[in-house]
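Trainee: For the record, the sequence lines run as chains A and B. By numbering that gives the first Met the number 0, the letter at position 417 of the first sequence is numbered 416, and the numbering carries on one by one without gaps. By numbering that gives the first Met the number 0, the letter at position 240 of the second sequence is numbered 239, and the numbering carries on one by one without gaps.
2 protein chains.
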Amino acid sequence: MLQTAAVTPITPVQSAIDELRVLLGERLSTSTGVRDHHSKDESWHIPHRPDAVAFPNTTEEVAAIVRVCAAHRIPVVAYGTGTSLEGAVIPEYGGVVVDLLHFDQVLQVNADDLDVTVQARVTRKQLNDHIRDLGLFFPIDPGADASLGGMAATRASGTNAVRYGTMRENVLALTVVLADGRIIRTSRRARKSAAGYDLTRLFVGSEGTLGIITEVTLRLYGIPEAMAAAVCSFDSLEGAITTVIHTIQLGIPVARIELLDDVQMDAVNRFSKLDYPVKDTLFIEFHGTEAGVKEHAEMVQSMAADNGGGEFKWATKTEERNHLWTARHDVTYANKALRPGCEIWATDVCVPISRLAECILETKKDLKEGFLIAPLVGHVGDGNFHLGFLIDRNNPAELAEAERLNERLVMRALAMDGTCTGEHGIGLGKMKFLTAEHGEAVSVMRDIKRALDPLGIMNPGKIFTM
Amino acid sequence: MLQTAAVTPITPVQSAIDELRVLLGERLSTSTGVRDHHSKDESWHIPHRPDAVAFPNTTEEVAAIVRVCAAHRIPVVAYGTGTSLEGAVIPEYGGVVVDLLHFDQVLQVNADDLDVTVQARVTRKQLNDHIRDLGLFFPIDPGADASLGGMAATRASGTNAVRYGTMRENVLALTVVLADGRIIRTSRRARKSAAGYDLTRLFVGSEGTLGIITEVTLRLYGIPEAMAAAVCSFDSLEGAITTVIHTIQLGIPVARIELLDDVQMDAVNRFSKLDYPVKDTLFIEFHGTEAGVKEHAEMVQSMAADNGGGEFKWATKTEERNHLWTARHDVTYANKALRPGCEIWATDVCVPISRLAECILETKKDLKEGFLIAPLVGHVGDGNFHLGFLIDRNNPAELAEAERLNERLVMRALAMDGTCTGEHGIGLGKMKFLTAEHGEAVSVMRDIKRALDPLGIMNPGKIFTM
Chain A
0 MLQTAAVTPI
10 TPVQSAIDEL
20 RVLLGERLST
30 STGVRDHHSK
40 DESWHIPHRP
50 DAVAFPNTTE
60 EVAAIVRVCA
70 AHRIPVVAYG
80 TGTSLEGAVI
90 PEYGGVVVDL
100 LHFDQVLQVN
110 ADDLDVTVQA
120 RVTRKQLNDH
130 IRDLGLFFPI
140 DPGADASLGG
150 MAATRASGTN
160 AVRYGTMREN
170 VLALTVVLAD
180 GRIIRTSRRA
190 RKSAAGYDLT
200 RLFVGSEGTL
210 GIITEVTLRL
220 YGIPEAMAAA
230 VCSFDSLEGA
240 ITTVIHTIQL
250 GIPVARIELL
260 DDVQMDAVNR
270 FSKLDYPVKD
280 TLFIEFHGTE
290 AGVKEHAEMV
300 QSMAADNGGG
310 EFKWATKTEE
320 RNHLWTARHD
330 VTYANKALRP
340 GCEIWATDVC
350 VPISRLAECI
360 LETKKDLKEG
370 FLIAPLVGHV
380 GDGNFHLGFL
390 IDRNNPAELA
400 EAERLNERLV
410 MRALAMDGTC
420 TGEHGIGLGK
430 MKFLTAEHGE
440 AVSVMRDIKR
450 ALDPLGIMNP
460 GKIFTM
Chain B
0 MLQTAAVTPI
10 TPVQSAIDEL
20 RVLLGERLST
30 STGVRDHHSK
40 DESWHIPHRP
50 DAVAFPNTTE
60 EVAAIVRVCA
70 AHRIPVVAYG
80 TGTSLEGAVI
90 PEYGGVVVDL
100 LHFDQVLQVN
110 ADDLDVTVQA
120 RVTRKQLNDH
130 IRDLGLFFPI
140 DPGADASLGG
150 MAATRASGTN
160 AVRYGTMREN
170 VLALTVVLAD
180 GRIIRTSRRA
190 RKSAAGYDLT
200 RLFVGSEGTL
210 GIITEVTLRL
220 YGIPEAMAAA
230 VCSFDSLEGA
240 ITTVIHTIQL
250 GIPVARIELL
260 DDVQMDAVNR
270 FSKLDYPVKD
280 TLFIEFHGTE
290 AGVKEHAEMV
300 QSMAADNGGG
310 EFKWATKTEE
320 RNHLWTARHD
330 VTYANKALRP
340 GCEIWATDVC
350 VPISRLAECI
360 LETKKDLKEG
370 FLIAPLVGHV
380 GDGNFHLGFL
390 IDRNNPAELA
400 EAERLNERLV
410 MRALAMDGTC
420 TGEHGIGLGK
430 MKFLTAEHGE
440 AVSVMRDIKR
450 ALDPLGIMNP
460 GKIFTM
């Protein structure tokens with residue numbers, strides 16, 4: 000007769016960890032410090048520790064890790080730089096975080112074809128440093144120096160999207176490890192193709208719920224002959240937004256056109272030691288030939304003047320331009336400095352541009368009537384804007400107020416045929432709005448999720464519950 | 000005791016037709032003439048008659064038709080203008096063709112947002128006629144006056160794609176009827192979104208195998224202030240292609256840049272009564288401000304001169320430009336006129352632009368050694384080019400030769416990291432190359448197909464077999 004074992008039963012997670020340790024040795028960590036580091040992102044969402052963190056070296060190792068996790072039915076969450084703003088990389092259900100730290104090589108620059116293939120953890124700044132001497136650049140710029148794999152996974156965009164598009168338009172192909180360990184390449188390097196389903200676009204924006212991206216092929220652009228940036232303050236928000244709308248409608252190819260409201264400008268001035276007027280302000284950049292930049296800048300200047308805009312303050316030298324955009328990119332830190340110790344509840348929506356002024360003005364009215372500070376900044380050429388609620392995460396009244404204001408913002412955007420997130424992704428924070436936005440189409444997303452991840456192990460609890 | 004019926008058993012198809020007749024009355028046809036009309040497209044592929052043709056009036060009627068077909072497990076094939084070049088609309092397995100003839104309304108023009116929503120059978124010319132007085136246009140131009148639903152379903156592109164992108168970049172949202180009759184809207188009108196899986200891009204290019212597109216929301220563009228087109232003949236194909244490559248690499252925003260080889264120019268001259276030199280030739284168009292067009296044209300002219308190009312022959316007036324592009328678009332008829340009574344076996348591939356010259360030159364060498372005439376025309380700014388083999392479809396030797404040359408062309412493009420079709424789609428003609436191009440990724444496409452069309456009723460036998 001067999002004797003019943005008296006020891007603690009081995010959990011599926013422990014079994015998986017044991018197998019992964021054989022596979023990875025010291026490149027599997029269960030230390031508290033490493034798990035803590037991988038429990039959070041840059042959002043306000045509550046951290047949650049994974050059971051282990053794996054540091055694979057190759058796509059084949061990622062596939063082996065996923066197969067082990069599938070065999071034991073435990074979650075797998077891909078991790079790049081941890082700069083998500085909606086909790087996309089927080090391992091809500093524990094399991095194994097796959098940190099792509101060692102996927103840091105630029106694999107192939109095809110300068111003649113204006114494309115590049117990188118490993119997923121190469122960051123956008125690293126890529127731009129690598130290709131600058133070739134006269135090339137990669138424009139997508141979400142602010143954070145995010146990994147390009149993470150940017151693909153969240154369909155990132157940012158300040159340059161008005162001219163160059165988002166990750167949707169700039170990813171040519173991906174290498175992806177699927178939930179059963181299959182490794183696929185979604186496309187080839189041709190600029191366009193009509194050969195079968197667009198798997199590239201399916202994985203772009205899937206937030207790790209369908210597979211893990213290990214390599215990314217991207218479009219590149221020649222560094223423009225001329226670049227000039229300007230700052231212009233407006234008497235009214237309407238005037239600033241009308242200038243943006245006319246610019247877009249006339250097809251003037253601005254490279255960036257960013258709105259910072261008066262609250263945001265105050266924060267920026269304090270943090271970056273600048274002295275811009277504390278008014279609703281546009282930051283604008285032009286790319287092109289010398290003559291083209293001049294012509295386009297004059298057209299926008301004239302429209303701004305017609306709409307209550309002041310003088311254009313120009314930054315044409317590289318250092319001046321960098322200083323200006325650093326100030327723009329540092330808004331998160333500037334906002335945190337407004338209320339030391341606070342968390343930022345960042346949210347973003349995107350609406351058709353004809354509704355943008357209305358959407359922003361109603362939102363500002365909401366904010367005025369509430370009690371939270373929330374600077375506003377927007378990639379307004381796309382109809383996309385952000386609020387950052389400065390909150391004490393441990394104060395239930397503040398959380399409730401941010402939630403209330405966020406819900407009003409999102410439902411307003413949806414009522415205007417907009418989206419609950421232009422670029423941050425669904426993650427944890429926007430899940431409750433997905434059906435309000437997409438209706439029956441969510442059932443199709445679930446069909447696809449079930450077909451590609453029947454065990455539900457890939458970044459579970461994100462985008463939707465299965 | 001029951002008596003066994005002595006009548007002919009009713010087939011599933013007949014049962015479906017009976018039910019559809021109750022639903023649609025005279026808008027269901029089983030006449031030979033109507034079925035013949037829906038048995039073919041503009042390709043060389045062998046026609047096949049459907050069992051019936053339905054002419055629904057609404058998306059809900061399309062859904063009802065699909066539910067009937069699902070209940071009886073018979074094929075459903077969507078039909079727009081029948082201008083496919085790869086047999087995408089040929090009902091290989093019979094069943095019901097859903098002709099979207101009555102889906103001919105422009106539903107909503109949002110001029111301020113530069114977008115429009117149309118029913119699926121609105122053609123691109125119809126749309127452009129509708130919006131011209133608003134100063135707007137829709138650029139995607141595959142040559143044929145195709146339906147916009149069909150263009151979305153095949154991920155069409157054409158001459159303007161080098162500047163404005165393809166249907167992939169220009170469809171904002173779709174209304175789709177799924178294989179079980181669910182009706183979804185894939186997205187809202189915001190210019191960008193990070194809210195869930197990109198269903199829009201999944202249906203763009205799915206060739207009716209995942210659902211039937213009934214409405215399309217598209218990006219629009221302001222008609223440029225200035226447009227100018229030019230024709231330039233080159234001493235060598237290499238010179239023409241080098242000019243194209245340098246233009247793209249410098250980021251000069253040409254609106255179109257088309258290559259026609261000497262064989263093609265001869266056909267065009269004869270058919271359109273023109274007298275261009277019978278040489279490898281570029282047709283180029285510039286869009287922008289007056290100053291921008293002038294500057295960009297001068298840059299390209301200078302590069303052309305450096306590469307053995309002759310004078311630019313300009314067409315700036317609208318009529319001259321239209322005449323020029325009509326000649327370009329009439330190449331199919333021009334080619335048919337080279338050999339009266341022939342069929343055109345049209346094929347297209349797309350390669351990274353650095354490999355374009357090599358790919359075209361090797362292909363021309365193949366053609367020289369073979370015995371078929373095949374003019375070459377290309378959207379070369381994208382690395383995309385076409386051959387049209389002039390064949391007698393009833394001559395097995397000619398079919399075999401076209402097949403041999405086509406296979407060599409495709410395998411050459413794939414070896415250069417290109418695609419087996421840049422814009423015609425897989426349809427019937429390119430199915431055998433899908434695995435060569437995508438490898439394991441085809442299994443993921445099949446997973447998605449099975450998840451969304453488990454009965455396999457949506458345009459069966461296209462893209463891949465289940």
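For every residue, glycine included, the Cβ atom is placed at its ideal position computed from N, Cα and C.
Which residues in chain B have a C-beta closer than 9 Å to the C-beta of A:E284? List them in chain order.
Mentor: Under the 9 Å cutoff, chain B gives no residues; its nearest Cβ is about 16 Å from A:E284.
Trainee: Using a Cβ-Cβ cut-off of 8 Å, state whether A:N383 counts as contacting chain B.
Mentor: Chain B, which has a Cβ nearer than 8 Å to the Cβ of A:N383, makes this yes.
Trainee: May I ask which residues mark the beginning and end of the beta strand (DSSP E) holding B:M398?
Mentor: At residue 398 of chain B the sequence reads Leu, which differs from the Met that was named. Unbroken run through B:L398 is the alpha helix (DSSP H), 395 to 414; no beta strand (DSSP E).
Trainee: Along the chain, where does the beta strand (DSSP E) containing A:Y78 start, and where does it finish?
Mentor: Note, A:Y78: beta strand (DSSP E), 75 to 78.
Trainee: With a CB to CB cut of under 8 Å and the five nearest residues on each side skipped, what residues in its chain are close to A:M0?
Mentor: At A:M0 the pLDDT is 47, less than 50, meaning the model places this residue with poor confidence and gives no usable figure here.
Trainee: Where DSSP assigns a beta bridge to A:W324, which residues make up the other side?
Mentor: Answer is none; A:W324 lacks a bridge partner.
Trainee: Within 10 angstroms of its Cβ, does A:K191 collect 16 or more other Cβ (buried), or is it exposed?
Mentor: Buried is the call here.
Trainee: What residues in the region 167 to 180 of chain B have a beta carbon less than 8 Å from any beta carbon of chain A?
Mentor: Residues passing the 8 Å Cβ filter: R167, E168, L177.
Trainee: Report all residues from its chain with a CB closer than 8 Å to the CB of B:E59; omit the five preceding and five following residues, and keep chain order.
Mentor: Within the same chain, B:E59 has close Cβ partners I182.
Trainee: Suppose you measure from the CA of A:V97 to the CA of A:L23; what does that come to, to the nearest Å?
Mentor: Roughly 12 Å between the two C-alpha positions.
Trainee: Hey, would you say A:G238 sits closer than 8 Å to A:G309, going by beta carbons?
Mentor: For A:G238 and A:G309, no; Cβs fall outside 8 Å.
Trainee: Under 8 Å between C-beta atoms, does A:M410 make it to chain B?
Mentor: No, its Cβ sits nowhere closer than 8 Å to a Cβ of chain B.
Trainee: Do B:F102 and B:A119 have their C-beta atoms within less than 8 Å of each other?
Mentor: Yes, they are a contact pair.
Trainee: Given B:S38, which residues of its chain have a CB within under 6 Å of its CB, disregarding the five upstream and five downstream residues?
Mentor: Cβ within range, chain order: P46, H47, R48.
Trainee: Find out if the Cβ-Cβ distance for the pair A:W313, A:A229 is shorter than 8 Å.
Mentor: It is a contact, given that the beta carbons lie within the stated cut-off.
Trainee: Helix, strand or coil for B:L384, going by three-state DSSP, please let me know.
Mentor: One point to set straight first is that residue 384 of chain B is Phe, not Leu, in the sequence displayed. Of the three classes helix, strand and coil, the one that applies to B:F384 here is strand, per DSSP.
Trainee: For B:G460, tell me which candidate among B:D391, B:W324, B:E297, B:L209 has the shortest Cα-Cα distance.
Mentor: Closest option to B:G460, Cα to Cα, is B:L209.
Trainee: Report the option in A:T153, A:S186, A:N159 whose CA atom is closest to the CA atom of B:T434.
Mentor: For B:T434, the nearest C-alpha among the options comes from A:S186.
Trainee: Could you say if the region 329 to 342 of chain B and the region 256 to 269 of chain B meet the contact criterion of at least three C-beta pairs nearer than 8 Å?
Mentor: With a cut-off of 8 Å, the region 256 to 269 of chain B and the region 329 to 342 of chain B count as touching, because enough Cβ pairs lie within range.
Trainee: Please decide whether B:A160 counts as near chain A, where near means a Cβ-Cβ distance under 8 Å.
Mentor: Yes, B:A160 lies at the interface with chain A (some Cβ there is under 8 Å from its Cβ).
Trainee: Under the DSSP definition of a beta bridge, which residues are partnered with B:K312?
Mentor: B:V230.
Trainee: Helix, strand or coil for B:V121? Go by DSSP, reduced to three states.
Mentor: If DSSP states are grouped into helix, strand and coil, B:V121 belongs with coil.
Trainee: When you compare only the Cα positions, how much space is there between A:W324 and A:T158?
Mentor: Cα to Cα, A:W324 sits roughly 10 Å from A:T158.
Trainee: What are the residues in the region 186 to 215 of chain B lying within 7 Å of chain A by C-beta distance?
Mentor: Of all residues in the region 186 to 215 of chain B, R187, R188, A189, R190, K191, S192, A193, A194, G195, Y196, D197, L198, R200, L201, V203, G204, S205 have a Cβ within less than 7 Å of some Cβ in chain A.
Trainee: Can you check whether the C-beta of B:C349 is within less than 8 Å of a C-beta belonging to chain A?
Mentor: True, the Cβ-Cβ gap to chain A drops below 8 Å.
Trainee: Under DSSP, the beta strand (DSSP E) around A:D261 begins and ends at which residues?
Mentor: Note, A:D261: premise wrong, no beta strand (DSSP E); alpha helix (DSSP H) at 261 to 271.
Trainee: My understanding is that A:K278 touches A:F233, with C-beta atoms under 8 Å, so please give their C-beta distance in whole angstroms.
Mentor: Their Cβ separation, rounded to whole angstroms, is 6 Å, which keeps A:K278 and A:F233 in contact under 8 Å.
Trainee: Answer yes or no: do B:L371 and B:E406 have a C-beta to C-beta separation smaller than 8 Å?
Mentor: Cβ distance not < 8 Å, so B:L371 and B:E406 don't count as in contact.
Trainee: Just the C-alpha distance for A:N321 and A:D265, rounded to the nearest angstrom, thanks.
Mentor: For A:N321 and A:D265, the distance between alpha carbons rounds to 20 Å.
Trainee: So is A:T82 in contact with chain B if we call contact Cβ pairs under 8 Å?
Mentor: Answer no: the Cβ-Cβ gap between A:T82 and chain B never drops below 8 Å.
Trainee: Per DSSP, what kind of secondary structure is B:S146 in: helix, strand or coil?
Mentor: In the structure shown, B:S146 sits in a strand (DSSP, three-state: E or B).
Trainee: Please compile the residues from chain B whose C-beta is within a distance smaller than 8 Å of the C-beta of A:I244.
Mentor: Correct list: D111.
Trainee: Within 10 Å of its beta-carbon, does B:S30 have 16 or more other beta-carbons around it, so buried, or fewer, so exposed?
Mentor: Exposed, because fewer than 16 other Cβ atoms sit within 10 Å of the Cβ of B:S30.
Trainee: Any C-beta of chain A sitting closer than 8 Å to the C-beta of B:Q248?
Mentor: Yes - at least one Cβ of chain A is within 8 Å of the one on B:Q248.
Trainee: Could you round the C-beta distance between B:G421 and B:D365 to whole angstroms and report it? I think they count as a contact, below 8 Å.
Mentor: With 8 Å as the limit, B:G421 and B:D365 do not qualify as a contact, their Cβ atoms being about 19 Å apart.
Trainee: DSSP state of B:D279, grouped into three classes?
Mentor: Reduced to three states, the DSSP call for B:D279 is coil.
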